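Engineer: Residue numbers (the working numbering): 192 to 330.
Glycine residues also receive a C-beta, built at the ideal position from the N, C-alpha and C atoms.
Predicted, not measured: the structure shown is a model, and the values here were computed from it.
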Amino acid sequence: MAIKYILDTSVAIKWFSREDETDLDQAGKLLHKLTIGEIEIYTLYFLLIELANALMMGKKMSAAKTTESCHLLQTTPIKFIHLNSGIIDKAAKLAERYRLTIYDGLYLALATDYKAKLITADKKLLALAELTVSLEKYH
192 MAIKYILDTS VAIKWFSRED ETDLDQAGKL LHKLTIGEIE IYTLYFLLIE LANALMMGKK
252 MSAAKTTESC HLLQTTPIKF IHLNSGIIDK AAKLAERYRL TIYDGLYLAL ATDYKAKLIT
312 ADKKLLALAE LTVSLEKYH
């Protein structure tokens, strides 16, 4: 049975921009294991909005390249989940409890719903060791 993970934008961005990014080998291994069915990855459709913003605003990628990247991500075996009021409610509580942004709370809420670890490169989220897996240490 494949291991389940939840994916956040801090990892997904590494598949589309190498500039100022670390842990690129680990990100590549994660994507490879996903494509061969060794792992399952779930994330929110919201990740596409965050990714597009990070690519355009942070990485200065063109609109055409940004949308191409978002479309390409949707062709992978990643299972995209729609937001619902339950996830938002849980995200707000987690964000308040751990003093996180609601955006980070959304991925943690999905992780608790799916009984999976959130794989992330976000240092603040990695402080929640019981809920997360560091991309840096992924193999």
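Between isoleucine 278 and alanine 302, which are expected to be in contact by the criterion C-beta below 8 angstroms, what is the C-beta distance as a whole number of angstroms?
Structural biologist: Taking the sequence shown and counting its residues from 1, one reaches residue 278 at position 87. Taking the sequence shown and counting its residues from 1, one reaches residue 302 at position 111. Not really, about 11 angstroms apart at Cβ, beyond 8 angstroms.
Engineer: Relative to the C-alpha of glutamate 321, which candidate in Leu309, Thr234, Tyr236, Tyr298 has its C-alpha closest?
Structural biologist: Here residue 321 refers to the residue found at position 130 when the sequence shown is read from its first residue. Out of Leu309, Thr234, Tyr236, Tyr298, Leu309 has the C-alpha closest to the C-alpha of glutamate 321.
Engineer: Could you check where the beta strand (DSSP E) with threonine 323 kicks off and where it finishes?
Structural biologist: The residue labelled residue 323 in the question sits at position 132 within the sequence shown. Going by DSSP, threonine 323 is part of the beta strand (DSSP E) stretching over 323–325.
Engineer: Thinking C-beta only, is serine 253 closer than 7 angstroms to phenylalanine 207?
Structural biologist: The sequence position of residue 207 within the sequence shown is 16, counting from 1. The sequence position of residue 253 within the sequence shown is 62, counting from 1. Not in contact: phenylalanine 207 and serine 253 (Cβ atoms no closer than 7 angstroms).
Engineer: Thinking C-beta only, is leucine 235 closer than 7 angstroms to threonine 200?
Structural biologist: For the purposes of this step, residue 200 is taken as the residue at position 9 of the sequence shown. For the purposes of this step, residue 235 is taken as the residue at position 44 of the sequence shown. It is not a contact, given that the beta carbons lie outside the stated cut-off.
Engineer: On the DSSP letters alone, give me the boundaries of the alpha helix (DSSP H) that tyrosine 233 sits inside.
Structural biologist: To locate residue 233, count along the sequence shown from 1; it is residue 42. No alpha helix (DSSP H) holds tyrosine 233; the beta strand (DSSP E) holding it covers 230–235.
Engineer: Bridge partners of leucine 337, per DSSP?
Structural biologist: Coverage of the chain is limited to positions 192 through 330, which leaves residue 337 absent and any answer about it impossible.
Engineer: Is the beta carbon of tyrosine 289 sitting closer than 7 angstroms to the one on isoleucine 232?
Structural biologist: Translated into positions along the sequence shown, residue 289 becomes position 98. Translated into positions along the sequence shown, residue 232 becomes position 41. Result no, Cβ atoms of tyrosine 289 and isoleucine 232 do not sit closer than 7 angstroms.
Engineer: Thinking just about the alpha-carbon of each residue, which of Glu327, Leu319, Phe271, Ala283 is nearest to the one in tyrosine 305?
Structural biologist: Here residue 305 refers to the residue found at position 114 of the sequence shown. Checking every option, the nearest Cα to that of tyrosine 305 belongs to Phe271.
Engineer: Can you give the Cα-Cα distance for leucine 264 and alanine 255, rounded to whole angstroms?
Structural biologist: The count along the sequence shown starts at 1 and reaches residue 264 at position 73. The count along the sequence shown starts at 1 and reaches residue 255 at position 64. Distance between the alpha carbons of leucine 264 and alanine 255 is about 14 angstroms.
Engineer: Using the C-alpha atoms, what's the distance from glutamate 229 back to methionine 192?
Structural biologist: The residue labelled residue 192 in the question sits at position 1 within the sequence shown. The residue labelled residue 229 in the question sits at position 38 within the sequence shown. Methionine 192 and glutamate 229: Cα-Cα distance of roughly 8 angstroms.
Engineer: Quick one: measure Cβ to Cβ for glutamate 327 and alanine 312, integer angstroms, because I've assumed they're closer than 8 angstroms.
Structural biologist: Sequence index remark: in the sequence shown, residue 327 carries index 136 (1-based). Sequence index remark: in the sequence shown, residue 312 carries index 121 (1-based). 7 angstroms between Cβ atoms; contact.
Engineer: Report yes if the CB atom of serine 325 is closer than 7 angstroms to the CB atom of leucine 316, and no otherwise.
Structural biologist: As a working mapping, residue 325 is identified with position 134 in the sequence shown. As a working mapping, residue 316 is identified with position 125 in the sequence shown. It is not a contact, given that the beta carbons lie outside the stated cut-off.
Engineer: Kindly indicate which residue of Leu285, Ile194, Thr323, Thr292 has the alpha-carbon position closest to the one of isoleucine 227.
Structural biologist: Indexing the sequence shown from 1 puts residue 227 at position 36. Of Leu285, Ile194, Thr323, Thr292, the residue nearest in Cα terms is Ile194.
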